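See below for the structure under consideration.
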Amino acid sequence: MRKLWFGKWIECPWCGENTAPEFLGEFLLDRIPGGAVLEISGLGFYSARLNGVRVGDALLQPAFSNYTKSVYYNRYPVSALLKEGRNILEVTVGNGWFHEPGEDSFDFEHASWKMRPVLLCQLLTKEKVLLASGKDWKCRGSRWVFNSLRLGVSYDASREEEEYLPAVIAKGPGGQLKEQTIPPIRIEEYLQPKRVLGRVYDFGKNMAGDVRITVSGEKGSKLAVIYGERLNEDGKIDQRWIKRHPEIPRIQVDEYTLSGAGPEVFQSDFTYKGFRYAEVRGECRIENVTARSFHTYVKERGGFQCSDSRVNRIMEAVRNSTLSNLHHTITDCPHREKNGWLGDAHASCEQALLQFDMEKIYRHYLDAVADCQWPSGQLPCIAPTSVYGYNFQSGPTWDGALFRIPWALYVYTGKTGWLKRWYPAMKKYMDYLPWICDEKGICESGLGDFLPMEGVPVCPDGMMLTGHLKEIQQLMSQISCALGKYREAEIYKEQAESARKALRREYGVRQDRNISYLASALHFDLAGSKAEAKRWAAELAALLGENQYRAGTGIFSSVYMLEELTRYGYFSEALRTALQPECPGWVYMTEQGGATLWEHWDGKRGSLNHHMRSGIAKWFYQALAGISLEGVQPGFRHLVLKPNFTEEIEWVTVWLESPKGRIEICRQGDEYRLKLPEGIGATVLIGRQCYEAEGECRFRNNL
1 MRKLWFGKWI
11 ECPWCGENTA
21 PEFLGEFLLD
31 RIPGGAVLEI
41 SGLGFYSARL
51 NGVRVGDALL
61 QPAFSNYTKS
71 VYYNRYPVSA
81 LLKEGRNILE
91 VTVGNGWFHE
101 PGEDSFDFEH
111 ASWKMRPVLL
121 CQLLTKEKVL
131 LASGKDWKCR
141 GSRWVFNSLR
151 LGVSYDASRE
161 EEEYLPAVIA
171 KGPGGQLKEQ
181 TIPPIRIEEY
191 LQPKRVLGRV
201 YDFGKNMAGD
211 VRITVSGEKG
221 SKLAVIYGER
231 LNEDGKIDQR
241 WIKRHPEIPR
251 IQVDEYTLSG
261 AGPEVFQSDF
271 TYKGFRYAEV
281 RGECRIENVT
291 ARSFHTYVKE
301 RGGFQCSDSR
311 VNRIMEAVRN
321 STLSNLHHTI
331 TDCPHREKNG
341 WLGDAHASCE
351 QALLQFDMEK
361 IYRHYLDAVA
371 DCQWPSGQLP
381 CIAPTSVYGY
391 NFQSGPTWDG
401 ALFRIPWALY
411 VYTGKTGWLK
421 RWYPAMKKYM
431 DYLPWICDEK
441 GICESGLGDF
451 LPMEGVPVCP
461 DGMMLTGHLK
471 EIQQLMSQIS
481 CALGKYREAE
491 IYKEQAESAR
501 KALRREYGVR
511 QDRNISYLAS
521 ALHFDLAGSK
531 AEAKRWAAEL
541 AALLGENQYR
551 AGTGIFSSVY
561 MLEELTRYGY
571 FSEALRTALQ
581 PECPGWVYMT
591 EQGGATLWEH
601 WDGKRGSLNH
611 HMRSGIAKWF
621 YQALAGISLE
631 GVQPGFRHLV
641 LKPNFTEEIE
651 WVTVWLESPK
661 GRIEICRQGD
671 EYRLKLPEGI
681 GATVLIGRQC
691 YEAEGECRFR
701 NNL
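Rendered as structure tokens:
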């Protein structure tokens, strides 16, 4: 049954095109009621004040969605903010993703949902509606004279406040209203500058958020805050690479016009930036500049530490890049695009689940993916989206998010509801797959082993795409089986085997074998025999050695390489590659400062805050501590643990909050200690020995 709404969508046609409208509703109270709740959705983002006090501490609400399919609202208990007599609710609504103001390389200015910012709200108790948005509300243009999620905001504190005029009933975006369940965006920490270079403030690490600045000056004085993650040769902000897609004169720039009334504090309400540096320009006295780092609130539920500082720095960079890209959706980068790329989301899924409480975030994200699916079954490469993404960039490598993430959620929690929720969307996609394969069963529609180091050869796109197609079919068979749909499971299993045979015929025997090819061939099980697989693994290890353990392959094969080397007994070679100190390598990234992962291996272009290369973290968990979701029975009923021992890393400690309780693993020298909660058993494989474990156990590597 749909929720009853007493409020109406309203808009303010009287304010400028990109000025944030301000809405005002009033009501009288004889007494203060208990249990009063404000239910509100303001699109794109809203900021609400009840009797002059901000409602809640969340930023950039409500969560982004395909607004023609789903619209989210928030609920706040507000009895403590009410008073006897006249009560005033003021709501300012920014553009957000709902009303893209400028030219946009991802076509959001052409979104089907685009219209003026709109507001829907109601304030009520169990017995009575106290206030509901409608034509009795007033509205005006605010002092936010320009606002754009990517471009920045302009706030004019010197501007005379406009008179209120009647609000107008609006059509609304059309999507089903749903209560937001994804955690809100909240401030994680405040950071003071590590260095000040003139008027450039260096906060010491790359992050997502903005700055709060305190300034003084004469009325009408202007300042601009420019954000970036690089400096040019003269020490100023270099925005060339975050401007690369939207070819526009302004990106990540906030402007403020002073009122002249003493110290003034400015911070943005309707945008966030990706930055390490902030540069302040303008005629004013700067009294304080503080960075606010914020992202979707998420609890930590796992941790990894070891004796090797290089590994710890990589893990820190993985953490920072993951959190920097949680702003309702799971984005690629927090500055240039802010788009929810499907390939990035599933490439980092396992490490994110091992370290953070991600269930509600993934549910929200996958609902957006399903909302954006076409009737044919085709998926876009980003979600949410309206127009962009249904082109060459979508395909099995990216589309696999619809299958891989639900399966990972099922394995972690043991709940089949994750599979049931998106099974209809999965089936539609399976019916779509034959349309993008040729007569040989090969798919070449989409991105392959994405973004290798320039000049580094990778496997053919058709091999990577068809390999992912095969894995999607395998997953769909497992998903169908878990849901008791055994006939469908058998059909998808047969399809996967046909895809494997097509891959073997087309790509199984090649003379131009490279690191990406060999790692992918092993990962996709293309070898004709165990002996052939072992030869390929030996060839892969030898190729890496010849290349001084510099791989530089794409986002998929760089992880396959580590996993397959470890699987076939070349753990030392895998570790040398993972800890390669020179470019291309993860250690090289972390030693350049910024504490985040990069889009490109060399960091000379593109983003310096991308999480798509974070799959190395799951390999550290797997290879050094022995734990991976691959070895977990759904719901953590049983684990298979297979740690590797090395003198290069003296100790490793891992903790993980499973659905059944806390798991602790410690490897110290040749000793492997394990602490399991009640209800979880484990099979521990050390060398050629196999042990069964419960509770607290100790094992020793005797090799």
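Take the sequence shown: its position 76, counted from the start at 1, is 76 in UniProt numbering, and no numbers get skipped.
All C-beta atoms in this analysis are idealised placements derived from N, C-alpha and C, irrespective of residue type, glycine included.
Computed from a prediction, not measured in an experiment: that's the story for all the values here.
N-terminal and C-terminal residue of the alpha helix (DSSP H) that residue i is part of
i: P406; result: 401 to 413
i: W418; result: 417 to 432
i: K138; result: Looking at the DSSP string, K138 is not in any alpha helix (DSSP H); the run it does join, the beta strand (DSSP E), is 138 to 141.
i: T520; result: The residue asked about is misnamed: residue 520 is Ser in this sequence, not Thr. Per DSSP, S520 belongs to the alpha helix (DSSP H) from 515 to 523.
i: H364; result: 359 to 371
i: residue 728; result: No answer is possible for residue 728: it lies beyond the span of the chain, which begins at 1 and ends at 703.
i: W536; result: 530 to 546
i: L562; result: 557 to 567
i: E316; result: 309 to 324
i: I40; result: Unbroken run through I40 is the beta strand (DSSP E), 37 to 43; no alpha helix (DSSP H).
i: F645; result: F645 -> no alpha helix (DSSP H), and no H or E assigned at all.
Top-ranked residue by Cα proximity to residue i, from the options
i: K273; options: C333, G282, R186, I248; result: C333
i: P634; options: W598, T19, K415; result: K415
i: I242; options: Q61, E696, E337; result: E337
i: G552; options: A537, Y517, S572, E532; result: Y517
i: N288; options: S154, V200, A682; result: V200
i: E84; options: I237, L29, L503, G96; result: L29
i: N18; options: V91, E100, F6; result: E100
i: A370; options: D344, G417, W422; result: W422
i: V225; options: I286, K128, A502, A317; result: I286
i: P581; options: F266, D438, Q548; result: Q548
i: Y410; options: K675, Y390, I479; result: I479
i: G96; options: R140, G52, W144, I405; result: W144
Whether residue i touches residue j by CB criterion (7 Å)
i: G220; j: S158; result: yes
i: Y388; j: F106; result: yes
i: L342; j: W398; result: yes
i: N147; j: G102; result: no
i: L43; j: L89; result: no
i: L419; j: A482; result: yes
i: A261; j: Y227; result: no
i: W407; j: L475; result: yes
i: L24; j: K138; result: yes
i: L149; j: T271; result: yes
i: A499; j: K470; result: yes
i: L124; j: R250; result: no
i: P183; j: Y67; result: no
i: F294; j: G209; result: yes
i: N325; j: H638; result: no
i: P584; j: R550; result: yes
i: R700; j: D670; result: yes
i: S41; j: P21; result: no
i: R212; j: R281; result: no
i: A527; j: K440; result: no
i: G679; j: K660; result: yes
i: S348; j: S614; result: yes
i: I436; j: G462; result: no
First through last residue of the beta strand (DSSP E) which encompasses residue i
i: I213; result: 200 to 216
i: D156; result: 152 to 156
i: L685; result: 681 to 686
i: L656; result: 651 to 658
i: E350; result: From DSSP, E350 is part of no beta strand (DSSP E) but of the alpha helix (DSSP H) over 349 to 355.
i: V118; result: 118 to 124
i: K675; result: 671 to 675
i: W113; result: Element bounds for W113: n/a, residue is neither H nor E.
i: F620; result: Per DSSP, F620 belongs to no beta strand (DSSP E); it is in the alpha helix (DSSP H), 615 to 620.
i: P77; result: 70 to 77
i: C666; result: 661 to 668
Could you tell me whether the region 7 to 18 touches the region 120 to 127, where touching means 3 or more Cβ pairs closer than 8 Å?
For the pair of segments examined, the region 7 to 18 was found to touch the region 120 to 127: the number of CB pairs separated by less than 8 Å reaches three.
Length-filtered (4 minimum) alpha helix (DSSP H) runs lying within the region 168 to 198:
Whole alpha helix (DSSP H) segments, 4+ residues: zero.
Would you call the region 150 to 170 and the region 182 to 199 touching, i.e. three or more CB-CB distances under 8 Å?
These segments do not touch.
At which residue ranges does the region 213 to 290 contain complete alpha helix (DSSP H) runs of 4 or more residues, listed in the order of the chain?
The region 213 to 290 contains no whole alpha helix (DSSP H) run of 4 or more residues.
In chain order, what are the residue ranges of uninterrupted alpha helix (DSSP H) at least 4 long that sit wholly in the region 442 to 491?
Listed in chain order, the complete alpha helix (DSSP H) runs (minimum 4 residues) inside the region 442 to 491 are 461 to 482.
Three Cβ pairs or more, each shorter than 8 Å: is that satisfied between the region 309 to 316 and the region 590 to 599?
At 8 Å Cβ cutoff, the stretches touch.
Validate contact between the region 176 to 192 and the region 64 to 80 using beta carbons, cut 8 Å, 3 pairs
Yes, the region 176 to 192 touches the region 64 to 80.
Whole runs of the beta strand (DSSP E) within the region 570 to 612, excluding any shorter than 3 residues
Inside the region 570 to 612, DSSP marks no whole beta strand (DSSP E) run of 3 or more residues.
Between the region 535 to 550 and the region 490 to 499, do three or more beta carbon pairs fall short of 8 Å?
Segment contact: the region 535 to 550 against the region 490 to 499, fewer than three CB-CB distances shorter than 8 Å; contact not assigned.
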